[in-house]
Amino acid sequence: MSSPLSPDGRWQACSPPTPVSPSPGLTRRDLLRRGLLCTTGALLANNLSLRALAAASPPAPAAAGPRPAPRARSVIQIWLWGGACHLDTFDPKPGIGSEFTGPLSGAIETNVSGMRIGELFPLLAKQAHHYSLIRSLTHGNNGHETAAYMVQTGRSSADRSVFPSMGAVVSLFKGYDAGYQGLVPPYLVLTELQGRFSEAGFLGARYKPFATGGDPARDPFGVEGVVAAGLTETRQRDRRELLHRLNTLAHTLPTDPVLTASARAESQAYDLILGDAGKVFDATQEPAALRDRYGRTTFGQSCLMARRLVERGVPFVTINYKGWDTHKRHFETMRTKLPEMDRGLSTLLQDLSERGLLDSTIVWCGGEFGRTPKVLWEAPWNGGRGHHGRVFSALLAGGGFKGGQVVGASDAHGEDVAERPVQPADLIGSVYSLLGIDENARLPHPEGLDVRAYPPPLSGKTSQGLLREIMG
Amino acid sequence: MVISATAWASTSTAPSPYESLAPRVERGVIDQRIFARLAALHIEPAWPVSEAAFLRRVHLDLIGRLPTAEETRRYLDDPEASKRARQIDHLLSRPEFAEYWSLKWSDLLRVKAEYPINLWPNAAQAYHRWIFGALQQDLPLDEFARTLLVSAGSNVHHGPVNFYRALPSRDPLSLAKAVALTFLGTRPEAWSQEQWSGMAGFFAQIGYKSTGEWKEEIVLWDPTLSPTAGIGPARFPDGTLAHLSGDKDPRQVFADWMLAPDNPRFARALANRIWAWVMGRGIVQEPDDFRADNPPSHPELLDELARELVASHYSLKHLFRLILNTQAYQLSCVPQSTDPRAAALFAYYPLRRLEAEVLVDALNDLTGTSETYTSAIPEPYTFVPADVRAVSLPDGSITSTFLELFGRPPRDSGLESERNNRISAGQRLHLLNSTHVRRKIEQGPRIAELLRGPPRGVIDGIYLAVLSRPPTDDERQTVRATVKPGPNGARAAALDLIWALINSDEFLHRH
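As they're listed, the protein sequences go chains A and B. Each residue of the first sequence is one higher than the one before, counting from -17 in our numbering. Each residue of the second sequence is one higher than the one before, counting from 54 in our numbering.
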């Protein structure tokens, strides 16, 4: 690190730094186009130390390890923010009494014999051959922030490092560093960031998701920065021209690496504003009947948008689906939310399948924990459910996950794991495996620690490993 | 010493708006060290910074805020030769100084309500309030460190005790690592396991006790705690065994060692950080990575800065004043050498993108608009009044989409490198085309004020407000030729100019 670095020490991976002295007629843009300037710096997370960069570049195996053949190309994560009740969704317990089930005492048969789900999921009941259910997820934590961290990173919250979430890790191994060429960012959230913990962890801001903002249920879907109502394409082009002419600092310092990175970022931004790439967000190109099937709600249209994005090769799309933290008015909320989820998710599975995308797209639907099986009828809850991290459920489909299977089981009242405990790390490792991420791959740690991409089992808990029983 | 200006004439005839034709003047030992080294290696330093670029730079570096058009006009018209030094003194006394540097220290001290730092909102605010007060009164940095190291009391009533709470785990080893990183610029891999075990021995008797109050916690010295296996006996990082007696808080023993006048480690670590904050990179780089195999670029200079810090009774403001008055700091951002060592040897002022908070505050100042900041943390809810600037937000959990997008640090680790100022496509997209920024430009009340007056005055006024300088003749011509009242009218043309300057690299970077 004593080697000479350019201004902020971020571009040391460039070789040579910037020895190119441009001839007068060459603009910075020309140089960029000719590949004379270092652009690899932009591919590296700037907040990592040199040693970490050395470890990270490329994200290669620590030792020659088994590299699973990639089955999946993309992941759609439907995050049930707040924690959905396992009993009312994927792990119904009919007949255990209304102090547990409340008014949702039934369960419905699916098209897979013996596999039953919550009674408000009639459409998902017809798609069970596409998905499997995990009914024995567990981490034992009842705090939103800690539980969300554990489920999305697979790590213990006691570790000194803050680990990246699954989306950030996939973005590292399947995004720009791995040859992803798309103009749409490789890790994208519809529509708002989850907050509470930093998705990118120690990987840094480069691996944070792009949050679309806006509402896909409205036309046009105002993706922040991409779609600007009222500006014609001509005016956009004129303004860009003006900006270039008045960019005096860039004219003065044509080879400065900070400014070349800035120019490159600007150019990518305009590819989205002016090019075809931004059209991915225009759902009016879809048949109205299909949009109706998804449901004309924010969630339904987010599912449609997620399909459009993975269709174009975006590796990781999160739908941040809020409203599941039902301490009060639980059943009233379920009566509106579950049908909305049923419609959006079932149509997504069917649509992906019909387009041949389900084989290469993992769909993971779940939240940070389940909810207390015993209904809290007393004041102030008056019919709510609390947080429950001892056992909860998730849905997995596509990308190499078999359909029509149930993994693990909770006990009679859905309070604890009865069979085959599944830790978040097991689920996350299974997804990484289907994506073809090397089992010994390392994450670039800012302090140079040897950290593997696959989260290890939590200490003190038994792990039965990856979800081999549903991995085809 | 005055460096001859003859070399200048051959280099260029038309300086950029960032450079000055004035000769370089070495102003003391810092400049001697920097320029002697450059001369020995035949690296040509940059030319001095122009008056306008200096004014903007020193505002951003000291108070994280742009000068107003009026301040810029007044400064540029001031004929006084000593106006740079006066400007530095003035900014050091502005109230925003403490706000801006509280932001910096709050990053390093991990002031955040929730995850994985679980301070909780009212404790985070107490912690921030204490930091702000310390900066406001220029609390000597040794006292600042000692208070953080030895404090005891309630997290919500006595801010500095949160230093030992602002960690994902509170075992002695983790506490020792936080202390070493913060005050000695030492990272985990710099020391042996034995050194860490000895260091952890000083932090094995920190107790945490909850009270009946919601989320209140007392941090205290608890002599009944005995170290677990692998921790201690307490040994200073230099290998000396400490003599702990039962009647003295071991943290006090450590603080006495760390802050002893003959122990240069703390002063060097702090002097290096301060240098890096304004010069863009450390003499030891990264600024919090002191270790045997990462030597300083200018070892004597680092020692001199450390001695200066001690001699000034650890005054942060004194060191800032000293560094900012040097020619080394007052070089332009336009390098005159292509030598790859030029940057590490401080041959020019390095460009850096404005921090997320500074950038959004600048946009708001410029347009007369404000932001909504929120925190996802429940109870007690945090309310942020509309006129609060982003640099003053007391808690890392209070945020906005803009701050997240522009690389505000998560305050997870206390590493300087957590703050990400590298520009990304998503950021450019937001500045170029988002409704958020468009609305500020199109509807901001201060923009309306800028647009009043005769055309020539409007163009100059826009340049002064956005770029803190008047336009060059070339720019004026370009603007007149390009920004014509088209089909959208004169107003739209002027808004396009403001938009273009806001999206220019000059606005987005310190230069």
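Glycine is no exception: its CB is placed at the ideal position from the N, C-alpha and C atoms. Quick caveat: nothing in here was measured; it's all calculated off a predicted structure.
Next on the checklist: Tell me which residue opens and which closes the alpha helix (DSSP H) that Lys7/B is part of.
Outcome noted: Past the boundaries of the shown model lies residue 7/B; chain B is included only from 54 to 564, so the question cannot be answered.
Next on the checklist: Helix, strand or coil for Met97/A? Go by DSSP, reduced to three states.
Outcome noted: coil
Checklist entry - Are any of the Cβ atoms in chain C nearer than 8 Å to that of Pro70/B? => result Any reference to chain C falls outside this structure, whose protein chains are A and B.
Checklist entry - Among all the DSSP beta bridges, which residues are the ones paired with Met453/A? => result Phe383/A
Next on the checklist: Give me the chain B residues within the contact set of Glu429/A, using Cβ-Cβ distance strictly less than 7 Å, ordered along the chain.
Outcome noted: Arg240, Pro241 and Glu242
Next on the checklist: If you follow the beta strand (DSSP E) that Gly260/B is in, where does it begin and where does it stop?
Outcome noted: Ile259 to Ser263
Checklist entry - Counting only beta-carbon atoms, is Ala129/A nearer than 8 Å to chain B? => result no
Checklist entry - Which ranges would you report for the alpha helix (DSSP H) in the segment 492 to 552 of chain B if only whole runs of at least 4 residues count? => result 498 to 503, 508 to 520 and 526 to 535
Checklist entry - With distances taken between CB atoms, is the gap from Ser155/B to Ile184/B smaller than 8 Å? => result yes
Checklist entry - With burial defined as no fewer than 16 other Cβ atoms inside 10 Å of the residue's Cβ, what is the status of Gly333/B: buried or exposed? => result buried
Checklist entry - Does any CB atom of chain A fall closer than 8 Å to the CB of Asp465/B? => result yes
Checklist entry - Under a three-way DSSP split, which group does Val441/B fall into? => result coil
Checklist entry - Using a Cβ-Cβ distance under 8 Å, would Leu231/A count as near chain B? => result yes
Checklist entry - Quick one: what's got a C-beta closer than 8 Å to Ile476/B's C-beta in the same chain, skipping five residues either side? => result Arg406 and Leu561
Next on the checklist: Taking a contact to mean a Cβ-Cβ separation below 8 Å, would you say Ser250/B touches Gly283/B in this structure?
Outcome noted: yes
Item to check | Whole-number beta carbon distance between Phe184/A and Phe145/A, since they are thought to touch under 8 Å | outcome: 7 Å
Next on the checklist: Output needed in chain order: residues of the segment 150 to 176 of chain B with a Cβ under 7 Å from some Cβ in chain A.
Outcome noted: Glu167, Tyr168 and Pro169
Checklist entry - To which residues of the same chain is Pro52/A closer than 8 Å at the C-beta, ignoring the five residues directly before and after it? => result Leu416, Leu417 and Gly418
Item to check | Partners in chain A for Ile476/B, counting only beta-carbon separations shorter than 7 Å | outcome: Ala243, Ser244 and Ala247
Checklist entry - Quick one: is Gly81/B near chain A, going by C-beta distance under 8 Å? => result no
Next on the checklist: Can you check whether the C-beta of Pro290/B is within less than 8 Å of a C-beta belonging to chain A?
Outcome noted: no
Checklist entry - Excluding sequence positions up to five away, which residues of its chain have a Cβ less than 8 Å from the Cβ of Ser227/B? => result Leu220 and Pro221
Item to check | Contact set between Thr454/B and chain A, taken where Cβ atoms lie within less than 9 Å | outcome: Glu174, Leu175, Ala193, Gly195 and Glu206
Checklist entry - Using a C-beta to C-beta distance shorter than 7 Å, which residues of chain A count as neighbours of Val387/B? => result Thr234 and Leu235
Checklist entry - Do you know how far the Cα of Glu149/B is from the Cα of Ile376/B? => result 19 Å
Item to check | Backbone CA spacing between Glu242/B and Pro314/B [nearest angstrom] | outcome: 27 Å
Next on the checklist: DSSP three-state label for Tyr367/B, please.
Outcome noted: coil
Next on the checklist: Do Pro303/B and Leu297/B have their beta-carbon atoms positioned less than 8 Å apart in this structure?
Outcome noted: yes
Item to check | For Ala288/A and Gly327/A, believed in contact at Cβ under 8 Å, the rounded distance | outcome: For the sequence presented, residue 327/A should be read as Leu rather than Gly. Their Cβ separation, rounded to whole angstroms, is 10 Å, which puts Leu327/A and Ala288/A out of contact at 8 Å.
Item to check | Interfacial residues, the segment 216 to 238 of chain B to chain A, with Cβ spacing under 7 Å | outcome: Pro221, Ser222 and Ser227
Checklist entry - Taking DSSP as the reference, what is the three-state secondary structure of Val357/A? => result coil
Next on the checklist: Strictly below 7 Å CB to CB, what residues from chain A border Asp549/B?
Outcome noted: Arg221 and Leu224
Next on the checklist: Taking CB distances under 8 Å as the criterion, tell me whether Ser298/B reaches chain A.
Outcome noted: no
Next on the checklist: By the three-class DSSP mapping on this structure, what secondary structure does Cys285/A have?
Outcome noted: helix
Checklist entry - Taking Cβ positions, are Leu224/A and Asp549/B nearer each other than 8 Å? => result yes
Item to check | Backbone CA spacing between Gly411/A and Ser114/A [nearest angstrom] | outcome: 16 Å
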